[in-house]
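In the UniProt record's numbering, the protein residues as written are 1 to 319. No residue lacks a Cβ here, since even glycine has one placed at the ideal position from N, Cα and C. Quick caveat, the model's predicted, so the values are computed rather than measured. In what follows, a single structure is set out as structure tokens and then discussed.
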Amino acid sequence: MNTTPQIYTTAFAEDVLEGLTAKKKHLSSKYFYDDNGSHIFQQIMKMPEYYPTNCEFEILSEQSEQILERLEFKGKFNIVEFGSGDGTKTKQLLQAFLNKNADFTYMPIDISEEAILILEENILTSLPEIKMQSKIGDYFEVIKDISKENTPNLFLFLGGNIGNYKKEDAFDLLQKFASGMKKGDKLLLGIDLQKSPRIIQKAYDDPHGITKAFNINLLHRINRELDADIDVSQFDFYCHYNPENGEVNSYLYSLAKQRFYSRVLNNSFTFQKDETIWTELSKKYSFIEIEELAEHLDFKVLENFLDSKQYFTDSLWEK
Ligand code: AVJ
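This is the structure we're talking about:
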């Protein structure tokens, strides 16, 4: 039997240790999406208060033909997608493109083979005639390969995931996408817009407690994966939209002075009463900020495709 203490080799373990020993505690929202968290996110998307999914679905169902025209691709092209999810929204765009006899190959990229298999099943069942070449692997490895070809590309980064990145991180991520793009390549970027603060507040601080459960799941995940003994009933959820900077910031906070122990991390963590753990940034953009971001990255904004309420944009950029 191996009796040496387990060393924390996973990124999750390392990040939890770093985040919960920091002066201001934090955990990354990317860890929301284990199996359980992905399931809770599905429920978030079904809530009437959570508008982004419906808005983007509307844009892609109703305006994909116009998006296709704006691309001005003459021959065949690739559609390269980052973070496709189950493909429900993308399917609207792909369907419209096929109806117009566009000659394209759909290339979703995901690090998880499981996710790709579910996506393939979903896409191919509804669109059996599509040319699909899934790529399993790291985004940037795959981008390098794709950029070697001469075929024009449309990159998709939908769902408003860019909102989870701080300004510099959003810039770095898009810069990496850009590094794989040729002149004339396009990027369709889903971005949630600034709007009535009450509407935004309600989408995140929902009355059903689903977003709370989504956050609390991070603590369950620590208990499960890092063999910890967090009393999750002693934490609550708080989030706040600041209309001055467009940021929703979300937190867990401790209802009591308490501690927990993780066997995997071989460490105890203490919390003061009301001490917070920052869990998520969900940034809402103004049109001016979108222009500035694009310009800074050397892109041209061709058009903002909006839903009828003008809550969300699929912003089409050209390299
Ligand atoms: C998946 C990042 C787009 O920020 O709106 C939903 C995640 N967080 N409710 C978002 C989320 C709380 C979501 N994104």
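Contacting residues, own chain, Cβ-Cβ under 7 Å from residue i (five flanking each side not counted)
i	result
E129	L98
K76	D103, F104, T151
Y261	A228, D229, S268
Y238	Y251, Y253
S29	N164, T279, E280
N153	F77, N78, V80, I146, M181, D185
Straight-line Cα distance separating residue j from residue i
i	j	result
Y51	L281	17 Å
N249	R259	24 Å
L188	E291	14 Å
L316	E49	26 Å
K25	G19	5 Å
D192	K283	8 Å
T9	L17	11 Å
N78	R263	47 Å
P207	F41	15 Å
Y139	F82	7 Å
I143	S134	13 Å
M1	L226	Legend: pLDDT at M1 = 49, less than 50; position of this residue unreliable, no value from coordinates given.
R70	S286	22 Å
K195	A170	21 Å
F32	N304	29 Å
I210	E149	44 Å
T53	I44	9 Å
N245	A294	18 Å
G137	S112	7 Å
Residue i: CB within 7 Å of a non-hydrogen atom of the ligand AVJ
i	result
P207	no
I44	yes
S315	no
residue 320	Residue 320 lies beyond the range of the chain shown here (1 to 319); nothing can be said about it.
Y204	yes
G37	no
N54	no
E280	yes
N161	yes
F214	yes
N164	yes
First through last residue of the beta strand (DSSP E) which encompasses residue i
i	result
A110	Reading off the sequence shown, one finds Asp at residue 110, where the question assumed Ala. 104-110 is the span of the beta strand (DSSP E), which, as asked, contains D110.
Q258	258-262
S308	Note, S308: premise wrong, no beta strand (DSSP E); not H, not E.
I191	186-192
H26	First-last for H26: undefined, no H or E at that position.
N150	No beta strand (DSSP E) contains N150, which DSSP labels as neither H nor E.
E247	247-254
K283	276-283
Limits of the unbroken alpha helix (DSSP H) element including residue i
i	result
I230	From DSSP, I230 is part of no alpha helix (DSSP H); its letter is neither H nor E.
N223	210-225
N36	35-46
S179	167-179
D145	139-147
F299	No alpha helix (DSSP H) contains F299, which DSSP labels as neither H nor E.
D15	11-21
Buried/exposed call for residue i, threshold 16 Cβ in 10 Å
i	result
D110	buried
D185	buried
T313	buried
A22	exposed
Q66	exposed
S179	exposed
K46	exposed
Neighbourhood of residue i by C-beta distance below 6 Å, restricted to the same chain and skipping five residues each side
i	result
G159	G190
D274	Y253
Y241	P197, I200, Q201, V248
F157	F82, L189
Cβ shell of residue i (< 8 Å), same chain only, five flanking positions each side left out
i	result
K91	N122, I123, S126, L127
residue 391	Nothing about residue 391 can be read from this structure; the chain reaches only from 1 to 319.
D298	A178, K319
N217	F32, D34, N36, G37, I40
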